[in-house]
Amino acid sequence: DTAVSQTPKYLVTQMGNDKSIKCEQNLGHDTMYWYKQDSKKFLKIMFSYNNKELIINETVPNRFSPKSPDKAHLNLHINSLELGDSAVYFCASSPGTGDTEAFFGQGTRLTVV
Amino acid sequence: SQQGEEDPQALSIQEGENATMNCSYKTSINNLQWYRQNSGRGLVHLILIRSNEREKHSGRLRVTLDTSKKSSSLLITASRAADTASYFCASPHQGGKLIFGQGTELSVKP
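Chains A and B supply the protein sequences, listed in that same order. Position one of the first sequence corresponds to residue 29 (the numbering used here), numbered consecutively onward. Position one of the second sequence corresponds to residue 64 (the numbering used here), numbered consecutively onward.
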């Protein structure tokens with residue numbers, strides 16, 4: 029069983045489009061995250077939710093809007109996609125807020141053309 | 064700013080050799096974590112060392128933590144081709160966000 033699953037795995041889209049990435053975890057964790065990994069493999073946190081409440085928003089453009097319908101799901105919607113949004117986006121979850129390991133999804137490779 | 068810096072950025076060794084990666088961080092932490100990322104895959108947690116621990120082992124992995132120098136090292140003994148991956152250190156901060164180092168790309172040649 030996949031612990032943290034995100035879809036789609038690959039996403040190719042044109043500039044200006046709106047797209048969503050979905051994430052689900054079946055671990056019963058309270059905290060979920062979105063990370064962005066650039067072409068140099070630098071990983072940066074974007075958002076963190078704890079029990080459906082936003083707790084971290086790391087100066088991400090407001091074209092990015094996370095939504096957590098329940099604590100097992102954290103989706104990422106991106107409006108008006110730009111070339112610079114091309115990256116790999118990772119969803120992750122953890123039981124608490126930092127004292128334990130995080131579990132990552134397989135990533136969504138977003139390519140904006 | 065990026066919390067962790069890793070050294071070296073890339074490391075190439077032969078199977079059977081040991082691989083050592085270092086991580087430095089800037090602010091106080093209560094634990095430091097190491098992750099592995101295989102090409103095209105997500106990150107997998109390897110080991111967590113708490114601030115009151117100096118050394119921890121897990122199979123062929125050995126992690127040390129020196130809080131006075133704000134540094135950690137990951138040693139992989141008797142490396143295998145399957146250990147080829149990127150390795151990241153990470154430390155948790157307010158709200159649980161993990162701040163990652165820039166990673167070390169390890170290549171183990173058969």
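The beta-carbon is built from N, C-alpha and C at its ideal position, and this holds for glycine as well. Just so we're clear, the structure is a prediction, and the values are computed from it rather than from any experiment.
If we ignore side chains and look at the alpha-carbon of each, how far apart do residue i and residue j end up?
i                : j                : result
Phe163 (chain B) : Lys72 (chain A)  : 7 Å
Glu69 (chain B)  : Glu168 (chain B) : 10 Å
Asp102 (chain A) : Ile84 (chain A)  : First, the amino acid is wrong: residue 102 (chain A) is Leu here, not Asp. If I take the Cα positions, the gap works out to 13 Å.
Ser170 (chain B) : Thr127 (chain B) : 22 Å
Glu78 (chain B)  : Cys86 (chain B)  : 23 Å
Gln53 (chain A)  : Glu110 (chain A) : 28 Å
Gly112 (chain A) : Pro94 (chain A)  : 18 Å
Lys160 (chain B) : Lys47 (chain A)  : 25 Å
Ser64 (chain B)  : His120 (chain B) : Confidence in Ser64 (chain B) is poor, its pLDDT being 39 and thus under 50, which makes the residue's placement too unreliable to answer from.
Phe132 (chain A) : Lys99 (chain A)  : 16 Å
Leu55 (chain A)  : Arg99 (chain B)  : 20 Å
Glu173 (chain B) : Thr147 (chain B) : Here residue 173 (chain B) is Pro; the residue named in the question, Glu, does not match the sequence. Computed Cα separation, rounded: 10 Å.
Tyr150 (chain B) : Thr139 (chain A) : 24 Å
Trp97 (chain B)  : Leu106 (chain B) : 10 Å
Thr125 (chain A) : Thr41 (chain A)  : 34 Å
Ser142 (chain B) : Gln157 (chain B) : 35 Å
Thr128 (chain A) : Arg91 (chain A)  : 31 Å
Just verifying my parser: in three-state terms, what is the DSSP assignment at residue i?
i                : result
Ala31 (chain A)  : coil
Ala185 (chain B) : The structure shown has nothing for residue 185 (chain B), since chain B only spans 64 to 173.
Asp58 (chain A)  : coil
Gln165 (chain B) : coil
Gln65 (chain B)  : At Gln65 (chain B) the pLDDT is 43, less than 50, meaning the model places this residue with poor confidence; the figure from the coordinates comes in the next sentence. The answer is coil: DSSP assigns Gln65 (chain B) none of H, G, I, E or B.
Gln65 (chain A)  : strand
Gln134 (chain A) : coil
Gln42 (chain A)  : coil
Gln157 (chain B) : helix
Would residue i and residue j be called neighbours here (beta carbons separated by less than 8 Å)?
i                : j                : result
Gln65 (chain A)  : Lys50 (chain A)  : no
Leu95 (chain B)  : Ser135 (chain B) : yes
Ser108 (chain A) : Gly44 (chain A)  : yes
Arg137 (chain A) : Tyr38 (chain A)  : yes
Thr130 (chain B) : Ser154 (chain B) : no
Phe70 (chain A)  : Val88 (chain A)  : no
Ile139 (chain B) : Asn101 (chain B) : no
request  = Any chance you could list the alpha helix (DSSP H) runs of at least 4 consecutive residues sitting entirely within the stretch 79-153 of chain B, in chain order?
outcome  = none
Contact list for the stretch 59-70 of chain A against chain B, Cβ threshold 9 Å = Thr59, Tyr61, Tyr63, Gln65, Lys68, Lys69, Phe70
query = If you measure beta-carbon to beta-carbon, which residues of the stretch 123-140 of chain A are closer than 9 Å to chain B?
reply = Gly124, Thr125, Gly126, Asp127, Thr128, Glu129, Ala130, Phe131, Phe132, Gly133, Gln134, Gly135, Arg137
query = Where in the stretch 77-125 of chain A do unbroken runs of the beta strand (DSSP E), each at least 3 residues long, occur, reported from the N-terminal end onward?
reply = 81-85, 92-98, 101-106, 115-122
request  = Output, in sequence order along the chain, the residues in the stretch 70-85 of chain B whose CB is closer than 8 Å to any CB in chain A.
outcome  = none
query = Of the residues that make up the stretch 79-90 of chain A, which ones have a beta carbon closer than 7 Å to any beta carbon in chain B?
reply = Ile83, Ile84
query = What residues from the stretch 97-119 of chain A come within 7 Å of chain B, judged by C-beta to C-beta, listed N to C?
reply = Phe118
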